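First up is the structure itself, then whatever we jot down about it.
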Amino acid sequence: MLPSVSTAETAKIIDGRELADAVKRELATRVAELAANGISVRLDVVLAAGNPAGSVYARNQASMCEEIGIDYRLHEVACDADSDCVADAVQSLNVDPAVTAIMVHLPLPDGVDTMRIQSMIDAGKDVEGVNPANIGGVIYGRRTLVPCTALATMRMIEATGINLVGAEVVCVGASTIVGRPVAVLLMEAQATVISTNVHTVDLASHVRGADVVIVAAGVPGLVTRDMVKPGAVVIDVGINRIEDENGDRRTVGDVDFESVSSIAGWLSPVPGGVGPMTVAMLLRNTVAAADHG
Ligand code: NAD
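And the structure:
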């Protein structure tokens with residue numbers, strides 16, 4: 001059966017903030033139930049020195065965790081270019097039975113082997129889904145702790161109600177953290193998936209045939225109206241800081257929102273789309289890591 005996509009003159013907006021708030025309300029209820037059964041949900045976060053963006057993010061995380069009832073602990077480590085120092089911090093959290101969830105803020109200082117650090121996070125506590133064991137779980141269809149942005153993207157698509165079975169989906173961008181896991185999750189959903197990258201010849205011709213387009217390239221305005229099939233679902237994962245014509249700095253995605261909203265059936269905005277949903281999925285994974293009921 002063909003997927004159902006409706007044509008529209010103005011795209012319906014997939015409101016990531018609203019979806020994320022609904023997820024957070026459900027999580028707060030579950031955290032309270034777990035607490036009543038003596039199970040506490042805890043998120044331990046490692047932040048290496050010299051990461052100001054990470055510090056801001058950590059403050060936001062702390063207040064969001066408090067809202068939901070998650071015990072948030074920040075571990076600031078002054079490591080410089082020392083992999084062993086970060087590794088020691090992660091290892092002490094791995095072996096502590098009171099710690100149910102671990103996240104390591106990126107970027108790590110120059111010289112620290114990020115892959116080594118991600119690989120050593122206990123797979124059951126790896127709430128960002130960056131340990132190769134969890135990535136492997138995605139490939140095998142064992143959806144335990146899935147990378148948060150990939151999971152957020154799937155939730156955004158599901159919110160449109162589109163039937164992915166047999167749908168043609170184009171993923172623009174194939175990074176290990178977004179494009180590739182999303183492509184695999186879409187394959188698991190029985191979509192026909194085309195993965196594109198910076199070397200793809202004639203990107204527009206691929207995107208034009210797609211019922212669903214996921215854009216995660218880090219290129220502002222990459223996908224424009226002429227590339228989109230009428231009624232398609234377009235999920236914009238990009239987060240780019242640009243200076244507009246008035247010299248003001250603002251955040252935009254990888255999709256030209258103005259023009260694409262006049263042809264797509266559904267469109268996720270930036271800001272207010274995949275970003276807030278990604279945070280909600282980190283919290284979702286954090287609760288799942290503690291919840292064995
Ligand atoms: P990346 O740089 O690791 O990968 C970019 C991918 O896009 C590569 O596969 C590259 O080949 C491809 N690409 C680049 N230019 C292209 C082009 N012109 N045509 C086709 N493909 C092209 O980036 P990433 O970490 O996957 O991030 C991508 C974007 O998503 C960035 O804007 C980033 O800020 C954003 N992001 C958002 C979230 C979120 O929570 N919303 C999370 C992670 C990343």
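Under my numbering, the sequence shown has 188 at position 188, and the numbering climbs by one with no breaks. Cβ coordinates follow ideal geometry from the N, Cα and C atoms, glycine included. Model, not experiment: these values are computed from the prediction.
Checklist entry - Under a criterion of Cβ closer than 6 Å to any non-hydrogen atom of the ligand NAD, which residues qualify, in chain order? => result Thr149, Val172, Gly173, Ala174, Ser175, Ile177, Val178, Gly179, Thr196, Asn197, Val198, Thr200, Leu203, Ala216, Ala217, Gly218, Val219, Leu222, Val237, Gly238, Ile239, Asn240, Val274, Gly275 and Thr278
Item to check | Cut-off 6 Å between Cβ atoms - residues of its own chain near Ala183, not counting five sequence neighbours on either side | outcome: Numbered from 1 along the sequence shown, position 183 holds the residue referred to as residue 183. Cβ within range, chain order: Cys171, Val193 and Ser195.
Item to check | CB of Asp226 within 9 Å of CB of Leu34, strictly | outcome: Mapped onto the sequence shown, residue 226 falls at position 226. Mapped onto the sequence shown, residue 34 falls at position 34. No, these two residues do not count as a Cβ contact at 9 Å.
Checklist entry - At a cut-off of 8 Å, is Ile239 close to the ligand FMN when judged by its beta-carbon and the heavy atoms of the ligand? => result Looking at this structure, you won't find the ligand FMN anywhere; what it does contain is the ligand NAD.
Checklist entry - Excluding sequence positions up to five away, which residues of its chain have a Cβ less than 8 Å from the Cβ of Ser55? => result Locating residue 55 in the sequence shown gives position 55, where the first residue counts as 1. Here the set comprises Leu47.
Next on the checklist: Three or more C-beta pairs under 8 Å: does that hold for the segment 162-170 against the segment 195-211?
Outcome noted: yes
Next on the checklist: Is the separation between the beta-carbon of Val23 and that of Ala189 shorter than 9 Å?
Outcome noted: Within the sequence shown, numbered from 1, the residue matching residue 23 stands at position 23. Within the sequence shown, numbered from 1, the residue matching residue 189 stands at position 189. The answer is no: Cβ separation not under 9 Å.
Next on the checklist: Once the 5 residues before and after Ala87 are set aside, which same chain residues still bring their CB inside 8 Å of it?
Outcome noted: In the sequence shown, the residue the question calls residue 87 occupies position 87. Within the same chain, Ala87 has close Cβ partners Arg116, Ile117 and Met120.
Item to check | Integer Cβ distance of Ala62 from Val77, believed to fall under 8 Å | outcome: On the sequence shown, residue 62 is found 62 positions in, with the first residue counted as 1. On the sequence shown, residue 77 is found 77 positions in, with the first residue counted as 1. The Cβ separation is near 17 Å, so there is no contact.
Item to check | Sequence-distant residues of the same chain with beta carbon closer than 8 Å to Gln91, five excluded per side | outcome: Locating residue 91 in the sequence shown gives position 91, counting from the first residue. Excluding positions up to five away in sequence, the list reads Met120.
Item to check | Leu83 (DSSP reduced to helix, strand or coil) | outcome: The residue you call residue 83 lines up with position 83 of the sequence shown. Strictly speaking, residue 83 in this sequence is Ser, with Leu absent from that position. In this structure, Ser83 counts as helix in the three-state DSSP scheme.
Checklist entry - If we count the other Cβ atoms within 10 Å of its Cβ and call it buried at 16 or more, is His199 buried or exposed? => result Translated into positions along the sequence shown, residue 199 becomes position 199. Per the 10 Å Cβ criterion, exposed.
Item to check | Nearest residue (CA-CA) to His75, options Arg59, Ile68 and Gly69 | outcome: Taking the first residue of the sequence shown as 1, we reach residue 75 at position 75. Checked all of Arg59, Ile68 and Gly69; the closest Cα to His75 is Arg59.
Checklist entry - Does the beta-carbon of Val201 have 16 or more other beta-carbons within 10 angstroms, so that it is buried, or is it exposed? => result Numbered from 1 along the sequence shown, position 201 holds the residue referred to as residue 201. When all chains shown are included, Val201 counts as exposed.
Next on the checklist: Considering Cα atoms alone, identify which of Ser40, Gly273, Ala232 and Pro271 is closest to Gly161.
Outcome noted: For the purposes of this step, residue 161 is taken as residue 161 along the sequence shown, with counting starting at 1. Per the Cα distances, Ala232.
Next on the checklist: Quick check on Gly275: buried or exposed, where buried means 16 or more other Cβ atoms within 10 Å of its Cβ?
Outcome noted: Translated into positions along the sequence shown, residue 275 becomes position 275. Buried, since its Cβ has 16 or more Cβ neighbours within 10 Å.
Item to check | Identity of the residues DSSP links to Glu295 by a beta bridge | outcome: The question about residue 295 has no answer, for the chain in this structure spans 1 to 293.
Checklist entry - Is DSSP giving Ile117 helix, strand or coil here? => result Mapped onto the sequence shown, residue 117 falls at position 117. Three-state DSSP puts Ile117 in a helix.
Checklist entry - Since Arg241 is in the alpha helix (DSSP H), which residue starts that stretch and which ends it? => result If you number the sequence shown from 1, residue 241 lands on position 241. Element bounds for Arg241: not the alpha helix (DSSP H) but the beta strand (DSSP E), Asn240 to Glu243.
Next on the checklist: Using CA atoms only, rank isn't needed, just tell me which of Ile68, Pro97, Pro109 and Ala98 is closest to Asp296.
Outcome noted: Coverage of the chain is limited to positions 1 through 293, which leaves residue 296 absent and any answer about it impossible.
Checklist entry - Taking Cβ to Cβ, would you say Ile135 is nearer than 9 Å to Asp122? => result Counted from its first residue, the sequence shown places residue 135 at position 135. Counted from its first residue, the sequence shown places residue 122 at position 122. No; because the gap between Cβ atoms is not below 9 Å, this pair is not in contact.
Checklist entry - From Arg284 to Met187, what does the alpha carbon distance come to, in whole angstroms? => result To locate residue 284, count along the sequence shown from 1; it is residue 284. To locate residue 187, count along the sequence shown from 1; it is residue 187. Near 23 Å, if we compare the C-alpha coordinates of Met187 and Arg284.
Item to check | Nearest to Val31 (by Cα), restricted to the options Thr100, Leu185 and Pro271 | outcome: Taking the first residue of the sequence shown as position 1, residue 31 is located at position 31. Nearest C-alpha to Val31: Thr100.
Item to check | 8 Å contact criterion, which Ile239 and Val270 should meet: CB distance rounded | outcome: In the sequence shown, counting from the first residue as 1, residue 239 sits at position 239. In the sequence shown, counting from the first residue as 1, residue 270 sits at position 270. The pair is a contact, with the Cβ atoms about 6 Å apart (cut-off 8 Å).
Checklist entry - If you run the structure through DSSP and keep just helix, strand and coil, what is Val252? => result For this step, residue 252 is matched to residue 252 along the sequence shown. Val252: strand per DSSP, three-state reduction.
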